[in-house]
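Q:
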Amino acid sequence: MRASADHPAPILLETTVNRRPVSLEIEPRAILLDVMRDNLGLTGAKRSCDTQVCGACTVLLDGSPVSACCTLAYEAGGREIETIEGLAGRHGLHPIQQAFVDRVAIQCGFCTPGFVLATKALLAENPRPTRSEIEDFLGGNLCRCTGYWNILDAVADAAMRLEATNGQSETS
Amino acid sequence: MIVLDRFTIHQPQSVAEASELLARFGPDAAVYAGGTELLIVMKERLAHFPHLIDIKRIPGLKEIAFDPERHELSIGAVATHRDLERSPVVRERFPVLGMLEAAVANIRVRNAGTIGGNLCFAEPHSDPATLLTALDAQITLTSSSGSRQLPMASFITGLMETARRHEEVLVTITVAESASNTGVAYERFKLHERPTAAVAAVISVDEGMITDARVVAGSVGERPQRLLETEAILRGQPAAPESATVAADIVRDEVETGGDVFESEAYTRQLARTVGRKAIAAAIARSTGDQVERHVA
Numbered sequence: 315m316r317a318s319a320d321h322p323a324p325i326l327l328e329t330t331v332n333r334r335p336v337s338l339e340i341e342p343r344a345i346l347l348d349v350m351r352d353n354l355g356l357t358g359a360k361r362s363c364d365t366q367v368c369g370a371c372t373v374l375l376d377g378s379p380v381s382a383c384c385t386l387a388y389e390a391g392g393r394e395i396e397t398i399e400g401l402a403g404r405h406g407l408h409p410i411q412q413a414f415v416d417r418v419a420i421q422c423g424f425c426t427p428g429f430v431l432a433t434k435a436l437l438a439e440n441p442r443p444t445r446s447e448i449e450d451f452l453g454g455n456l457c458r459c460t461g462y463w464n465i466l467d468a469v470a471d472a473a474m475r476l477e478a479t480n481g482q483s484e485t486s
Numbered sequence: 111m112i113v114l115d116r117f118t119i120h121q122p123q124s125v126a127e128a129s130e131l132l133a134r135f136g137p138d139a140a141v142y143a144g145g146t147e148l149l150i151v152m153k154e155r156l157a158h159f160p161h162l163i164d165i166k167r168i169p170g171l172k173e174i175a176f177d178p179e180r181h182e183l184s185i186g187a188v189a190t191h192r193d194l195e196r197s198p199v200v201r202e203r204f205p206v207l208g209m210l211e212a213a214v215a216n217i218r219v220r221n222a223g224t225i226g227g228n229l230c231f232a233e234p235h236s237d238p239a240t241l242l243t244a245l246d247a248q249i250t251l252t253s254s255s256g257s258r259q260l261p262m263a264s265f266i267t268g269l270m271e272t273a274r275r276h277e278e279v280l281v282t283i284t285v286a287e288s289a290s291n292t293g294v295a296y297e298r299f300k301l302h303e304r305p306t307a308a309v310a311a312v313i314s315v316d317e318g319m320i321t322d323a324r325v326v327a328g329s330v331g332e333r334p335q336r337l338l339e340t341e342a343i344l345r346g347q348p349a350a351p352e353s354a355t356v357a358a359d360i361v362r363d364e365v366e367t368g369g370d371v372f373e374s375e376a377y378t379r380q381l382a383r384t385v386g387r388k389a390i391a392a393a394i395a396r397s398t399g400d401q402v403e404r405h406v407a
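Sequences listed follow chains X and D, in order.
For the first sequence, the numbering used here begins at 315 and goes up steadily by one.
For the second sequence, the numbering used here begins at 111 and goes up steadily by one.
#1: By the DSSP assignment, the alpha helix (DSSP H) with L242/D in it spans what residues?
#2: Taking DSSP's pairing of strands, which residues face K360/X in a bridge?
#3: Counting only Cβ pairs nearer than 7 Å, list the residues of chain D close to P342/X.
#4: Check whether the Cβ of T367/D lies closer than 8 Å to any Cβ atom in chain X.
#5: Measuring only between beta-carbons, confirm whether R218/D sits less than 8 Å from chain X.
#6: Mind listing which residues of the segment 116-148 of chain D have their C-beta closer than 7 Å to chain X's C-betas, in chain order?
#7: Opposite S381/X in the DSSP bridges: which residues?
#8: What does the Cβ neighbour count give for A376/D, buried or exposed, with the cut at 16 atoms within 10 Å?
#9: Where does S253/D sit, in a helix, a strand or coil, going by DSSP?
#10: Could you tell me whether any Cβ in chain X is nearer than 8 Å to the Cβ of N228/D?
#11: Show which residues of chain X have a CB atom less than 9 Å away from the CB atom of I150/D.
#12: Taking 8 Å as the threshold (beta carbon to beta carbon), is N221/D in contact with chain X?
#13: Between R336/D and V325/D, what straight-line distance do the alpha-carbon atoms span, to the nearest angstrom?
#14: Please confirm whether A432/X has its beta-carbon closer than 8 Å to some beta-carbon of chain D.
#15: Run through DSSP, which three-state label would V406/D get?
#16: Are the CB atoms of A390/X and T460/X within a distance shorter than 8 Å?
#17: Mind listing the chain D neighbours of P379/X? Cutoff is C-beta to C-beta under 8 Å, in chain order.
#18: In chain X, which residues lie with their C-beta within 7 Å of the C-beta of I112/D?
#19: Measure from the alpha carbon of A295/D to the alpha carbon of each residue in R345/D, L260/D and L242/D, then state which is nearest.
#20: Quick check on P267/X - is its C-beta less than 8 Å from some C-beta in chain D?
#21: Hey, A432/X and N455/X are a contact pair by Cβ (cut 8 Å); roughly how many whole angstroms apart?
#22: Across which residues does DSSP place T118/D in a beta bridge pair?
#23: Look at A382/D and V402/D and say whether their C-beta atoms are less than 8 Å apart.
#24: Can you give me the Cβ contacts of N332/X inside the same chain, cut-off strictly under 7 Å, excluding the 5 residues immediately before and after it?
#25: Taking the DSSP output, what are the residues bridged to Q248/D?
#26: Within 10 Å of its beta-carbon, does L301/D have 16 or more other beta-carbons around it, so buried, or fewer, so exposed?
#27: Report the partner residues of E394/X according to the DSSP bridge assignment.
#28: Provide the residue(s) that pair with Q335/D in DSSP beta bridges, ordered along the chain.
#29: Of all the CB atoms in chain A, is at least one closer than 8 Å to the CB of Y462/X?
#30: How do the segment 154-170 of chain D and the segment 126-138 of chain D stand: do at least 3 beta-carbon pairs fall below 8 Å, yes or no?
#31: Applying the criterion that 16 or more other CB atoms from any shown protein chain within 10 Å of the CB defines a buried residue, is G144/D buried or exposed?
#32: Assign I420/X to one of three DSSP states: helix, strand, or coil.
#33: By DSSP, does P348/D sit in helix, in strand, or in coil?
#34: Name the chain D residues whose beta carbon is nearer than 8 Å to that of G454/X?
#35: CB-CB under 8 Å to V151/D, same chain, minus the five flanking residues each way: which ones, in chain order?
#36: Whose C-beta lies closer than 6 Å to the C-beta of G368/D among residues of the same chain, with five residues either side of it excluded?
Here's what the structure looks like:
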């Protein structure tokens, strides 16, 4: 079928999702969150506010948090997407995830993937954030259960765990 | 799940090509940059554009550069809020702009949203639009038939309306560095991510007296408003906090506002007075040598 205004030509999306190359045909109007959830079966990112306010759909695009609900999927072409499914490794949970578990920073869990990924981005650029830096960076992620205190503790804890891990790998 | 109506994406490699596409498709086309506002409008089906012109691949359009000879900052239209927040030259020479950008919405919006898109959308709660109007920033618009420059004050013409012609692309925003006797400040009041009232002040002082003032209110009306009466009151006043208190009453009375569904008019005026006093007092203090405190919320 010939492309027209009613039927725009599909776009070949070639991207990297959780370190694996992915290639699929998408409509220009496809939203990244729908491609993640419906085409790739990665349901960790959640649709909630749909307006970039809540952070439940957070994924990392080249390491930076974006709202997958408000990102056109073609924008991910040639870039690296990281979702919550990419964090845990063969040896178990990622240190940030483990810190969230140990600090009971989770209740219903709906917002947790977004918080964990935002934390990963924060600690990548600022390994020892102050409490107010954590609050600033995570201010756009909403949680309706925990009251935030345990989340803030978990992020500070995760920073220490990552620092310890990185220290080990540098000396070993 | 909200499915957008169908559209075609165009990725021009030059501003001239983008302008030609806009001219060719007319009202069926919209410039697409960060999409933080456009996509929400399209999801809500308040507008639909069968052709989106993605200008982010145009070389050089993301650049932030300072010209030391002209003492001028040049910001490419598709620089994101995050780019501005983290730019060393912005942080060093335009710290008020840097701090403002660091507090726009949230980290995800700042990663995607562009300065050019923000200004062209002309949403009345735009933080950068208010400060850039006070700083007398110049907007460069380019089409396939040439370029023109106009000041921020005449760029935003009304509620979500600008002087940009359909086939024009906003390419750069230039901001002159303030003189050493000039203080700049921006104060806003916001609940969560939406500013309710904001005032930007740029104040020059000579021998302890205010010689010039540009004061602009944002968020309270349809567009950033120069407060000419407030500016006139400030000129000739001593460079002291009391002058800010006097001027703040004029801010309250002068702003054009009818309130909105969230805030009454009286409340909005009171907020404008408070943020106005803070901004004017901070600009006066900085004009006489106080440093900008980087971690003020």
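Where a beta carbon is used, it is the ideal one built from N, C-alpha and C, also for glycine.
Keep in mind the model is a prediction, meaning the values are calculated, not measured.
A: Here's the rundown:
#1: Here residue 242/D corresponds to residue number 132 of the second sequence, with the count starting at 1. Boundaries of the alpha helix (DSSP H) harbouring L242/D: D237 to A244, taken from the DSSP string.
#2: Here residue 360/X is taken as the residue at index 46 of the first sequence, counted from 1. Assignment of beta-bridge partners to K360/X by DSSP yields no partner.
#3: The residue given as residue 342/X occupies position 28 in the first sequence. Within chain D, the C-beta atoms nearer than 7 Å to that of P342/X come from F117, T118 and I119, in chain order.
#4: Counting from 1 along the second sequence, the entry for residue 367/D is found at position 257. It does not; no Cβ of chain X falls within 8 Å.
#5: Counting from 1 along the second sequence, the entry for residue 218/D is found at position 108. Interface criterion met: the Cβ of R218/D is under 8 Å from a Cβ in chain X.
#6: So the close ones are R116, F117, T118, I119, G145 and T146.
#7: Counting from one through the first sequence, the residue named residue 381/X turns up at place 67. According to DSSP, S381/X bridges with T372/X.
#8: Sequence index remark: in the second sequence, residue 376/D carries index 266 (1-based). Answer is exposed; the Cβ neighbour count stays below 16.
#9: Within the second sequence, residue 253/D is the residue found at index 143, counting from 1. Of the three classes helix, strand and coil, the one that applies to S253/D here is strand, per DSSP.
#10: One-based indexing of the second sequence puts residue 228/D at position 118. For N228/D, the answer is no, since every Cβ of chain X falls outside 8 Å of its Cβ.
#11: Numbered from 1 along the second sequence, position 40 holds the residue referred to as residue 150/D. D364, T365, Q366 and C384, listed in chain order.
#12: Position 111 of the second sequence, counted from the first residue, corresponds to residue 221/D. Answer yes: the Cβ-Cβ gap between N221/D and chain X drops below 8 Å somewhere.
#13: Counting from 1 along the second sequence, the entry for residue 336/D is found at position 226. Counting from 1 along the second sequence, the entry for residue 325/D is found at position 215. Approximately 6 Å between the Cα atoms of the pair.
#14: Residue 432/X sits at position 118 when you count from the first residue of the first sequence. Look at A432/X: its C-beta is under 8 Å from a C-beta on chain D.
#15: Residue numbering aside, residue 406/D sits at position 296 when the second sequence is read from its first letter. Per-residue confidence for V406/D stands at a pLDDT of 43, beneath the threshold of 50, marking its modelled position as unreliable; the derived number appears in the next sentence. Collapsing the DSSP output to three states places V406/D in coil.
#16: For the purposes of this step, residue 460/X is identified with residue 146 of the first sequence, where counting begins at 1. For the purposes of this step, residue 390/X is identified with residue 76 of the first sequence, where counting begins at 1. Going by C-beta atoms, T460/X is not nearer than 8 Å to A390/X.
#17: Working through the first sequence from its first residue, we reach residue 379/X at position 65. By Cβ distance, chain D contributes I217, R218 and N221.
#18: Stepping through the second sequence from its first residue, residue 112/D is reached at position 2. Those within 7 Å of I112/D in chain X are D364.
#19: Translated into positions along the second sequence, residue 295/D becomes position 185. Proximity to A295/D across R345/D, L260/D and L242/D peaks at L242/D, based on C-alpha coordinates.
#20: Outside the displayed range of chain X (315 to 486) lies residue 267/X, so it cannot be described from this structure.
#21: Here residue 432/X refers to the residue found at position 118 of the first sequence. Here residue 455/X refers to the residue found at position 141 of the first sequence. 5 Å between Cβ atoms; contact.
#22: Residue 118/D sits at position 8 when you count from the first residue of the second sequence. For T118/D, which the question treats as bridged, DSSP gives the partners H161/D.
#23: Within the second sequence, residue 382/D is the residue found at index 272, counting from 1. Within the second sequence, residue 402/D is the residue found at index 292, counting from 1. No, the pair does not count as a contact, with Cβ atoms beyond the cut-off.
#24: As a position in the first sequence, residue 332/X is number 18, starting the count at 1. If we look at N332/X and ignore the five residues flanking it on each side, its Cβ neighbours are E396, T397, E399 and G400.
#25: Looking up residue 248/D in the second sequence gives position 138. The partner list for Q248/D (beta bridge, DSSP) reads P261/D and T284/D.
#26: Residue numbering aside, residue 301/D sits at position 191 when the second sequence is read from its first letter. Burial call: exposed.
#27: Against the first sequence, residue 394/X aligns to sequence position 80. E394/X pairs with T330/X.
#28: Along the second sequence, read from residue 1 onward, the residue named residue 335/D stands at position 225. Q335/D pairs with A327/D.
#29: Here the protein chains are X and D, and chain A is not one of them.
#30: Yes, the segment 154-170 of chain D is in contact with the segment 126-138 of chain D.
#31: Taking the second sequence and counting its residues from 1, the one referred to as residue 144/D is at position 34. Burial call: buried.
#32: Counting from 1 along the first sequence, the entry for residue 420/X is found at position 106. Three-state result, I420/X: coil.
#33: Start at 1 with the first residue of the second sequence, and residue 348/D comes out as number 238. Looking at P348/D - three-state DSSP - the assignment turns out to be strand.
#34: The residue you call residue 454/X lines up with position 140 of the first sequence. By Cβ distance, chain D contributes A215, N216, I217, R218, V219 and E303.
#35: Residue mapping note: residue 151/D aligns to position 41 of the second sequence, counting from 1. Cβ neighbours of V151/D beyond the five flanking positions: A157.
#36: Locating residue 368/D in the second sequence gives position 258, counting from the first residue. Excluding its 5 nearest sequence neighbours in each direction, G368/D has C-beta neighbours in its own chain below 6 Å: E375, listed in chain order.
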